[in-house]
Every structure is written in structure tokens, then in C-alpha cells.
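First comes the structure, then the notes that go with it.
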Amino acid sequence: MSTYVMADLHGRYTELQEMLKKIDFGVEDKLIIAGDICDRGKENYEMLKWMESKPANVEFIKGNHDEEFIANVDLLTIEMKKNPSLRHCYDKLKELDEYFDYYGTIGQLIDGYGVNFKQLSLWADIMYEFPYLKELQIEGKDYIIVHAGYMDEDSLANSPLAKNSSPSQLKTMALSKEVFYTNARDAALMVGGKRDTTIIAGHTPTISNSIFFNDGKVFRGERPEINSVIYNIDCGAGFLDKSKSANMACIRLEDEKVFYLR
Ligand SMILES: [Mn+2]
Numbered sequence: 001m002s003t004y005v006m007a008d009l010h011g012r013y014t015e016l017q018e019m020l021k022k023i024d025f026g027v028e029d030k031l032i033i034a035g036d037i038c039d040r041g042k043e044n045y046e047m048l049k050w051m052e053s054k055p056a057n058v059e060f061i062k063g064n065h066d067e068e069f070i071a072n073v074d075l076l077t078i079e080m081k082k083n084p085s086l087r088h089c090y091d092k093l094k095e096l097d098e099y100f101d102y103y104g105t106i107g108q109l110i111d112g113y114g115v116n117f118k119q120l121s122l123w124a125d126i127m128y129e130f131p132y133l134k135e136l137q138i139e140g141k142d143y144i145i146v147h148a149g150y151m152d153e154d155s156l157a158n159s160p161l162a163k164n165s166s167p168s169q170l171k172t173m174a175l176s177k178e179v180f181y182t183n184a185r186d187a188a189l190m191v192g193g194k195r196d197t198t199i200i201a202g203h204t205p206t207i208s209n210s211i212f213f214n215d216g217k218v219f220r221g222e223r224p225e226i227n228s229v230i231y232n233i234d235c236g237a238g239f240l241d242k243s244k245s246a247n248m249a250c251i252r253l254e255d256e257k258v259f260y261l262r
């Protein structure tokens, strides 16, 4: 039995299935999806149907794109109370706010797949229940699986940032934990982490210009002050058709071996 983690699937359903074949994913194994199942890729419908089917041995963690999906459906819910036409409400929201359904996923679901409001609401309700993180122990090692990054008072207080911040400033920063879990970028390594724990996160593709750049390979960083290791496993699956170095990765926690799609 093995425990695998993937993140940032971004509508790449076919590639996800290829990866499951590659790792020979079986009934005894467990897979944790660390957020962002939709947007960017074309197979959002297939991905959402897969999520809805509650695949055995698969757990989902909340990412910022999952939160955006929920927020978009919330907006539609409000509009639908005034006018029951999904098409009308969608177009109205799109006209009011260019960031509504920014990636066009909901539009694609409605136009290309005839998805109705009930179906959208059901998917949003399922995503709403995703936890922000999962803590687990494998072979005596502590892990936290989270979409973008993990931080706590200890990881902040022992960061270089703490030298220039008062205790009350640090306390205020620690209040925005949920935002950090789903949206942290470079801060995930600079002030994030957890003492004596390995963090597995995604969110910032390792093909983009950031602290995590690793040319489409998994990035591994350390916070020695708190004995924390941070993996970024988002190798840019959302950009598979745009970037040659983009990849899809899957890490097996028992030996921290990484599998790549290509
Ligand atoms: Mn993300």
C-alpha cells in the first residue's frame, strides 16, 4: 500500500488517468489531490464527474481554483433568484465582472456539455467540503498536504521576516492562515513550513519565474531553522500544451519518489 500526492490537475483528466496507470494505482493505495482540479485544461467536465463519483481511495484538498469555482456558483445562485435562466445569469455576471469565470470553465460546461445549475451547485457543494489540509504520518515521518503552503506562529517567528516584525504583527499575519493555505507563493518557503514536518504543496508551477523554478521538475526546499522540508509538486500540468518543460508529477510518500507524466 502506497500513498501518492498530486496537485494542480487543472482539467487534465486524460493525463491524470495516464499517471494512475503509470503508478499502477490499486485498491490498496491512496491518492491525495492537493487542490485545483479545474481551469486551464480542456477536460474540466470529465474531472468534475470523476470528483463527483467519489473515486475510491482518493481525497481532495481545497485549492484557490476550487474556491473560485465555489464563488462563481455562489454568484450564479444569487442571480438565479432574480431570473431562472442560467444562460442569462451567466452572461450578466460575465458582463459585470471580467473576473467572473475568468478561465471560462463554467461557460465551457454550460455550452459544451449542457450542464445545468443543479449540477454546478452539486459540484460546488462537494468542493466546499474539501479540507484545507491533511496531516498524516508515514513511516514515522510527519507530513502536511496543502494546496499552496502551510504556516503557523512558529514558522513565522523563526523566519528572517520576524527580525523586522513585532510579535503583534506576526500574530496578525498568522490570522490569515486559510488564505496562505490556498494562495501562498514564495512565502510558502520563506515563512512557511512546520517544525519537524514535510510539507507537500503545489500552486506555483515550477516552470514559472519564482523561488520554486525548477524547469518543470518537482522543487524541494528546506527551512533548517524549523527542520521543515517543502516540496512543490506543481510542475505546470495546466500548461502542458503551452510549455515544453511543463509536466505532471506524482509523489509517493513512502520513499518520496517522484513520477512524471513525460
Ligand atoms: Mn493554485
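Straight run, no breaks: the sequence shown in the numbering used here ends on number 262. Glycine included, each C-beta is placed from N, C-alpha and C at the ideal position. Just so it is clear, the structure is predicted and the values come from calculations on it, not from any experiment.
Based on the DSSP output, what are the partners of residue i in its beta bridges?
{"i": "Asp196", "result": "Looking at the DSSP assignment, Asp196 forms no beta bridge with any residue, so it has no partner."}
{"i": "Thr3", "result": "Lys30"}
{"i": "Leu133", "result": "Val146"}
{"i": "Lys266", "result": "Nothing in the structure corresponds to residue 266, since the chain is present only between 1 and 262."}
{"i": "Val179", "result": "In DSSP, Val179 forms no bridge with anything."}
{"i": "Cys250", "result": "Phe259"}
{"i": "Tyr231", "result": "Ile200 and Arg220"}
{"i": "Val58", "result": "Leu31"}
Would you please state the rounded distance, in angstroms, between the beta carbons of residue i and residue j? I believe it to be under 8 Å.
{"i": "Gly35", "j": "Ala7", "result": "6 Å"}
{"i": "Tyr150", "j": "Gly193", "result": "7 Å"}
{"i": "Asn232", "j": "Phe212", "result": "4 Å"}
{"i": "Asn134", "j": "Ile61", "result": "It should be pointed out that residue 134 corresponds to Lys in this sequence rather than to Asn. Yes, they are in contact, since the Cβ atoms of Lys134 and Ile61 sit about 6 Å apart, within 8 Å."}
{"i": "Ile230", "j": "Leu170", "result": "Contact doesn't hold; Cβ gap of about 19 Å is too wide."}
Please name the residue in the options whose C-alpha comes closest to that of residue i.
{"i": "Gly236", "options": "Ile23, Gly114, Lys22 and Gly41", "result": "Gly41"}
{"i": "His203", "options": "Phe219, Thr197, Lys194 and Val191", "result": "Phe219"}
{"i": "Leu20", "options": "His10, Gly11 and Val5", "result": "Val5"}
{"i": "Glu46", "options": "Asn247, Glu67 and His10", "result": "His10"}
{"i": "Glu153", "options": "Asp142, Lys177 and Leu133", "result": "Lys177"}
{"i": "Asp39", "options": "Asn116, Asp215 and Thr105", "result": "Thr105"}
{"i": "Ile32", "options": "Tyr103, Asn64, Ser245 and Phe130", "result": "Phe130"}
{"i": "Glu95", "options": "Pro84, Leu76, Asn44 and Leu109", "result": "Leu76"}
{"i": "Glu67", "options": "Glu28, Val179, Ala246 and Ser210", "result": "Val179"}
{"i": "Phe239", "options": "Asn227, Asp215 and Glu225", "result": "Asp215"}
Use the C-beta contact count for residue i: other C-beta atoms within 10 angstroms, 16 or more gives buried, fewer gives exposed.
{"i": "Arg87", "result": "exposed"}
{"i": "Arg12", "result": "buried"}
{"i": "Arg262", "result": "exposed"}
{"i": "Met1", "result": "exposed"}
{"i": "Glu18", "result": "exposed"}
{"i": "Gly63", "result": "buried"}
{"i": "Glu15", "result": "buried"}
{"i": "Asp91", "result": "exposed"}
Any 3 or more C-beta pairs closer than 8 Å across the stretch 247–254 and the stretch 128–148: yes
Could you tell me whether the stretch 47–66 touches the stretch 75–87, where touching means 3 or more Cβ pairs closer than 8 Å? no
The stretch 117–127 / the stretch 154–170 touching (three or more Cβ pairs under 8 Å): no
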